[in-house]
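Q:
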Amino acid sequence: MRSCCGPAVPHLDSSCETFAGPVADWVVRLTAGLTRSVQASDQTLGHLEEEILHQTRELERRLLEEAAQRKAEQTPPRCPVCGCALTRRTPDRERTYQTRFGPVTIRRLRGWCRRCRAWCFPADHALGLNEAGSASPSVQEMAALVASKLPVAEASAVLERLTGVKLPPATLDREARRQGQRAERKRQELDAQMRTAQGVPQILAQPEVPFTLIIELDAWNICERDDWGCTAALRRQGREPERWHWVYGGTCFRLDQRTESARGRPCILSRGTVMTRQGVEGVREQLFAEAQRHGLAQAAKVLVVADGAVWIWNLTGDRFPQAQQRLDYHHAREHLWAVAHALYPDEERAARHWVEPMLAQLQRGRAPALLNDLRALVRRLRHKKRQAVAGELAYLESHRDRMDYAAARRAGEPEGSGAMESTCRQYQCRFKRTGQFWSRAGDEALMCLETFWRNGRWHLLFPHIRHQDPGKN
Ligand SMILES: [Zn+2]
């Protein structure tokens, strides 16, 4: 309470008196409650924590209501959009907001802007309450955070237990989606800036020495029901409703940011991630902006690592033509194993005996020699075996310039796209649970929130929070 008596905020001086009553009540109630807890032999530190929380909440609510009311009253009666003085003003229009400390009612002035031809509440704008819905900025943030991490029913219960904020699942869902759509607009704005000189402040500080930028891509599918209730009608038209759709993702980081944790697990200190349902075009443009933030233009070398999917290498040629390309080692390995199983369908030991020298060649960077051996092998085979091995050979041939794993090890570069694959798995923990169905608009909005959080850009959506580590962008 010291700040409200200090000279720095003279206009709040009088609030000391206003707050004196609630504060005195609070001291009495808190002292009584704590004394009871201290004397009770069965009460722990946890009980003391709960007691303080419980007794302080009403005081916090009243302080917030009072401070918000003051802010509303000192907001000039001007249009927040064009700055015009408002006419036809009416004061004391009440509205109740759900806040971190419980419901708070604020009386605001309403006026007519002749230029915009609209009614407006300048105080709502000043308080960050100009969006639809009755959630305060803090509650908006809470809804966005818990719903992007947990299914809404669980999120609602966890939120209430941890913060005391009561948001029924349907309200929580609506608020989180609204925030997700706001996040999508913000992402669009930031990415558009990256296409112009305005994006320069978003570029992370880069080292003086030459560095390698790694880009990894992957995709997974999500179950959606946009045509909920239309299944029978669609089938009558001879169409089967599409349920599974591709989510495309990418990540980028500087090679020198790849390190090991204290327990020896690989980790990446600073990276940018994108994840989207907006198709290949969407991931291409988002990933390009992300790569620019992480030093695409400054990198001495760019390396793309991914599995064999055609869209990935088309995108790479299109957006990252300067990049060296590498097929994820485990995919190359799986295709060699497929050859082994085609040759020795029921003999696991024989298959292993055949594949091990092949894998060793691959590891030693001898992909061209390996492909020669496979070609010779195909010529000796007949019928089904020939067909099966030729198919695997065609796959490996199409990636022949992407399989120098010895060079990868010498340069300390990743041989596979494990970083992206594990990121995809983490998104799936939220977005691909049993029995879950999404709508395209719904999953994109929540995924966008999750991505802002991962990329350390949460404060760009919720400027009221204290700024995070600037090194994390
Ligand atoms: Zn206006």
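If you want this note's numbering, it's the 1-based position in the sequence shown plus 996. C-beta atoms are modelled at their ideal positions from N, C-alpha and C, and glycine is treated no differently.
In the DSSP assignment, find the unbroken alpha helix (DSSP H) run with A1114 in it and report its ends.
A: Where A1114 is concerned, there is no enclosing alpha helix (DSSP H), although the beta strand (DSSP E) it sits in stretches over 1114–1116.
Q: Quick one: residues with CB closer than 6 Å to any heavy atom of ligand 1, in chain order, please.
A: Going along the chain, the residues that qualify are C1075, V1077, C1078, C1080, C1109, R1111, C1112.
Q: Between which two residues does the beta strand (DSSP E) holding G1124 run?
A: No beta strand (DSSP E) contains G1124, which DSSP labels as neither H nor E.
Q: Where in the region 1323–1361 do unbroken runs of the alpha helix (DSSP H), each at least 4 residues long, occur, reported from the N-terminal end onward?
A: The qualifying runs are 1325–1339, 1344–1359.
Q: Given this structure, state the Cα-to-Cα distance separating W1216 from A1302, to the nearest angstrom.
A: Cα to Cα, W1216 sits roughly 13 Å from A1302.
Q: Just the Cα atoms here: how many angstroms apart are R1267 and L1442?
A: Distance between the alpha carbons of R1267 and L1442: 20 Å.
Q: Helix, strand or coil: how does DSSP classify H1241 here?
A: Strand, per DSSP.
Q: Is DSSP giving G1408 helix, strand or coil here?
A: Of the three classes helix, strand and coil, the one that applies to G1408 here is coil, per DSSP.
Q: What ranges does the alpha helix (DSSP H) occupy inside the region 1019–1080, keeping only unbroken runs of at least 4 residues that lie completely in it?
A: Counting only runs of 4 or more, we get 1041–1069.
Q: Determine the extent of the alpha helix (DSSP H) in which R1255 is found, giving its start and end residues.
A: One detail in the question is off: residue 1255 reads as Thr in this sequence, not Arg. It is not in any alpha helix (DSSP H) - T1255 instead sits in the beta strand (DSSP E) that spans 1254–1256.
Q: What's the call for D1038, buried or exposed, on a 16-neighbour Cβ count within 10 Å?
A: Exposed, because fewer than 16 other Cβ atoms sit within 10 Å of the Cβ of D1038.
Q: Secondary structure at D1400, three-state DSSP: helix, strand or coil?
A: Correct three-state label for D1400: coil.
Q: Tell me which residues share the same chain as L1146 and place their Cβ nearer than 7 Å to its Cβ, disregarding the 5 neighbours each side in the sequence.
A: Correct list, in chain order: V1154.
Q: Assign Q1422 to one of three DSSP states: helix, strand, or coil.
A: If DSSP states are grouped into helix, strand and coil, Q1422 belongs with the helices.
Q: For C1000, which three-state DSSP category applies?
A: Low local confidence applies: a pLDDT of 45 at C1000 is under 50, so the model's placement there is unreliable, with the coordinate-based value given in what follows. Reduced to three states, the DSSP call for C1000 is helix.
Q: From the DSSP secondary-structure annotation, give me the bridge partner or partners of I1199.
A: DSSP lists no partner for I1199.
Q: Under a three-way DSSP split, which group does G1268 fall into?
A: Of the three classes helix, strand and coil, the one that applies to G1268 here is strand, per DSSP.
Q: Express the C-alpha separation of F1249 and P1353 in angstroms, rounding to a whole number.
A: C-alpha separation (whole angstroms): 34 Å.
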